[in-house]
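Chains as they are written, first to last, in this note's numbering: chain A, 649 to 747; chain B, 25 to 603.
Note that CB positions come from ideal geometry on N, CA and C, so glycine has one too.
Read the structure below first, then the notes.
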């Protein structure tokens, strides 16, 4: 998987995306009522690392998030997870669906 | 029989001894040995209560010898010598018998054997004690001067510290200028202080003090004498081949010779490929760029750091550096913050094994993540691969454990190898000082917690990174610790040396000089006694090793505290009831 250093800039530019405090603990995945394994831990990791392909492969999953904020309430690093998911959707709306 | 009055105390050590040695049986076996007037057991002989009991016994029963059978004398020799002293008994009439490290702990599978061995060890201790005589420590006046070797941040700070206590300092530096590693740095973590300016400030302070004499291009080439009174020879290199030797008389020596940066081998993580550089090289590049740092005229944007290069190496390597170099995580994280500041468009990828930004440096780590650094973790047995690739970029491939073990490829402008600290190569200094080095080849202290700057060579102290990886703050802290320890000898004005040293019987000696050849401390010289040439022991040089005793063809040399008669009686004690 090739790192695309500019990808994170593209995402960040569109709005506020900040997941740098994420330490990969996985609490978010454990409490997710949808049982979505990718969100948000793995997803944010791909964004931060700039692995664009992996993010675009998972557009469906990104839209299946309920934005219930269960993960956010339990995040020990206080990452604004729902906000970040919204930001990503904004990016995908523009870049993938050309909305 | 003996007319000595000896007290014997046998320690349970709270089970450390008594779980394997039948302490009561031992007491019964030795209580009727010649000279013994009291034999007791105790749960912890080193406890205040038992020491008090010993003191009371010595006074009330008028004891003139003391034996404690407990742990290694390394632990409690001085404890019980002091107890003897408090009771008015000469401390050199005390014998410690080690029935823990050398008996109970080594024979946990043989209770009877251990008990039998303890009895014999104690009998020998009693036999030695019967032949003890009161000895007095040798008092040496100390010279109120110190030699500080090494003019980096630790050496400079130590020199100023000693000078301010009122002790004259000879400060020597091997290279043409003082300042060491710190003098070459601009911004340093965690406060952004400028290293060069820190050194300039210290150098100004050195210049202000008339009692500091600084020699650059100078090395310590000879050392003789003893704690409180060393003679040192300093070799100063001048123009061309000109060399001057300067001799000085000092009371103590502080070694602050620092470290070397680990130099990666060719091909180690791609070292040798254009753009693969070490952390000090990267820091120099950052420090020397006013605007956006560039390489080959191209702005540095994408950076990969590889951590633990030269540190925490695999044990199956040849001469591996097993230790963590302690400063490099912080230094690399700090360097990434500097780059982020100089080029906000940069992308930085840190390939680490473990991030050890300990204590308050943890904040740097958080800052760097906020500034856009991404951290990738690799396993020690799966290191990243570095190769040249098209367009002047360098391709780094790593299996990132934080991305669920997926293989990640990064194309970087430069790759920074986060290199650790290695001991400086100064074999001559080691030879001159006879200082012990550890398995990691750094200088060794006596006790890592309680005596962290003292060495086994009395009067020689170590500080800074010559002792092991340290950052500048830690180096200065240890330098000031060395100042305190050094001053505690020199300000008192005298030191007491153990009188357990060789003595020559001038009647028997006929100066064949056999002993001179074997003395490792050059402490024997030719003297005269009633018009006759005899060997004379230099009391400040003799360490009491006993090397000269068996080579003397006339048996004219005896070691005080361990005389031939004492050793023979100890052997008899060991072998009692055997033959």
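How many Å lie between residue 723 of chain A and residue 307 of chain B at the Cα? C-alpha separation (whole angstroms): 36 Å.
In whole angstroms, what is the alpha-carbon distance linking residue 69 of chain B and residue 453 of chain B? Rounded to the nearest angstrom, the two C-alpha atoms are 43 Å apart.
Inter-residue spacing [alpha-carbon to alpha-carbon] between residue 350 of chain B and residue 380 of chain B: Going by C-alpha positions, residue 350 of chain B is about 7 Å away from residue 380 of chain B.
Does the segment 106 to 114 of chain B come close enough to the segment 76 to 83 of chain B to have 3 or more Cβ pairs within less than 8 Å? In short, these stretches touch, since the Cβ pair count reaches three.
From the DSSP secondary-structure annotation, give me the bridge partner or partners of residue 239 of chain B. Looking at the DSSP output, residue 239 of chain B sits in a beta bridge with B/196.
Let me know if residue 480 of chain B comes out buried or exposed under the rule of 16 or more other beta-carbons within 10 Å of its beta-carbon. Counting C-beta atoms within 10 angstroms of its own C-beta, residue 480 of chain B has fewer than 16 neighbours from the protein chains shown and is therefore classed as exposed.
So for residue 553 of chain B, helix, strand or coil by DSSP? DSSP places residue 553 of chain B in strand when its eight states are reduced to three.
Please classify residue 522 of chain B: does DSSP put it in a helix, a strand, or coil? When secondary structure is reduced to three states using DSSP, residue 522 of chain B falls in the coil class, being assigned neither helix nor strand.
Threshold first: 3 residues or longer. Then list the beta strand (DSSP E) segments lying entirely within the segment 454 to 521 of chain B, N to C. Runs of the beta strand (DSSP E) spanning 3 or more residues and lying entirely within the segment 454 to 521 of chain B occur at 484 to 486, 518 to 521, in chain order.
Kindly say whether residue 717 of chain A, judged by its beta-carbon, lies nearer than 9 Å to any beta-carbon of chain C. No chain C appears in this structure, whose protein chains are A and B.
Which complete alpha helix (DSSP H) runs does the segment 290 to 350 of chain B hold, if anything under 4 residues is left out? As far as the segment 290 to 350 of chain B is concerned, its whole alpha helix (DSSP H) runs of at least 4 residues are 303 to 312.
Ignore the nearest five residues each way along the sequence and tell me which others in residue 148 of chain B's own chain have a CB closer than 7 Å to its CB. For residue 148 of chain B, same chain residues with a beta-carbon under 7 Å away, outside a window of 5 residues either side, are 594, 597, 598 in chain order.
Considering Cα atoms alone, identify which of B/571, B/66, B/397, B/168 is closest to residue 540 of chain B. Here the closest residue by C-alpha is B/571.
Meets three-Cβ-pair contact criterion under 8 Å: the segment 486 to 504 of chain B and the segment 277 to 286 of chain B: Contact holds: three or more Cβ-Cβ distances are below 8 Å.
Determine the closest residue to residue 681 of chain A out of A/714, A/728, A/741, with distance taken between C-alpha atoms. Ranking A/714, A/728, A/741 by Cα distance to residue 681 of chain A puts A/714 first.
Run the CB neighbour count on residue 382 of chain B, radius 10 Å, all protein chains shown included, and call it buried at 16 or more, exposed below. Note on residue 382 of chain B: under 16 other CB atoms within 10 angstroms of its CB, so exposed under the neighbour-count rule.
Going along the chain, which residues of the segment 306 to 327 of chain B sit with their C-beta nearer than 8 Å to a C-beta in chain A? Shown in chain order are the members of the segment 306 to 327 of chain B whose Cβ falls below 8 Å from a Cβ of chain A: 325, 326.
Can you list, in chain order, the residues of its chain whose CB lies under 8 Å from that of residue 217 of chain B, leaving out five sequence neighbours each side? The beta carbon of residue 217 of chain B is closer than 8 Å to those of 211 in its chain, skipping five residues each way along the sequence.
Indicate whether residue 435 of chain B and residue 417 of chain B have their beta-carbon atoms separated by less than 9 Å. A contact, by the Cβ cut-off of 9 Å.
Given that residue 398 of chain B touches chain A, what residues does it touch there, using C-beta distances under 7 Å? By Cβ distance, chain A contributes 696, 697.
Whose C-beta lies closer than 6 Å to the C-beta of residue 179 of chain B among residues of the same chain, with five residues either side of it excluded? 172, 280, listed in sequence order.
Straight-line CA distance for residue 125 of chain B to residue 138 of chain B? Approximately 12 Å between the Cα atoms of the pair.
Do residue 550 of chain B and residue 166 of chain B have their C-beta atoms within less than 9 Å of each other? Annotated as distal: residue 550 of chain B and residue 166 of chain B, with beta-carbon spacing of 9 Å or more.
Cβ contact (3+ pairs, closer than 8 Å) linking the segment 526 to 540 of chain B and the segment 319 to 326 of chain B: No, the segment 526 to 540 of chain B is not in contact with the segment 319 to 326 of chain B.
In or out: residue 96 of chain B buried (at least 16 other Cβ within 10 Å) or exposed? Exposed: under 16 other Cβ atoms inside 10 Å.
Counting only beta-carbon separations shorter than 9 Å, does residue 404 of chain B have a partner in chain A? Not an interface residue.
Mind checking residue 469 of chain B: buried by the 16 CB within 10 Å criterion, or exposed? Under this definition residue 469 of chain B is a buried residue.
List the residues of chain B whose Cβ lies closer than 8 Å to the Cβ of residue 672 of chain A, in chain order. Under the 8 Å cutoff, chain B gives 426.
Is the beta carbon of residue 202 of chain B sitting closer than 9 Å to the one on residue 175 of chain B? With a cutoff of 9 Å on beta-carbon distance, residue 202 of chain B and residue 175 of chain B are scored as near each other.
Can you find the residues in the same chain that come closer than 8 Å, C-beta to C-beta, to residue 605 of chain B, ignoring five residues on each side of it along the sequence? Outside the displayed range of chain B (25 to 603) lies residue 605 of chain B, so it cannot be described from this structure.
If we call anything under 9 Å between Cβ atoms a contact, is residue 169 of chain B one with residue 243 of chain B? Contact: no.
Exposure label - residue 508 of chain B; buried when at least 16 CB within 10 Å: By the neighbour-count rule (16 or more Cβ atoms within 10 Å), residue 508 of chain B is not buried but exposed.
Cβ contact (3+ pairs, closer than 8 Å) linking the segment 369 to 377 of chain B and the segment 395 to 415 of chain B: Yes, the segment 369 to 377 of chain B is in contact with the segment 395 to 415 of chain B.
Can you pull the chain A residues whose beta carbon is under 7 Å from the beta carbon of residue 431 of chain B, in chain order? Per Cβ cutoff of 7 Å: 649.
If the cut-off is 8 Å on Cβ atoms, which residues from the segment 681 to 693 of chain A count as contacting chain B, listed in chain order? So the close ones are 690, 693.
Out of B/44, B/204, B/54, B/28, which has the shortest C-alpha to C-alpha gap to residue 117 of chain B? Closest by alpha carbon: B/28.
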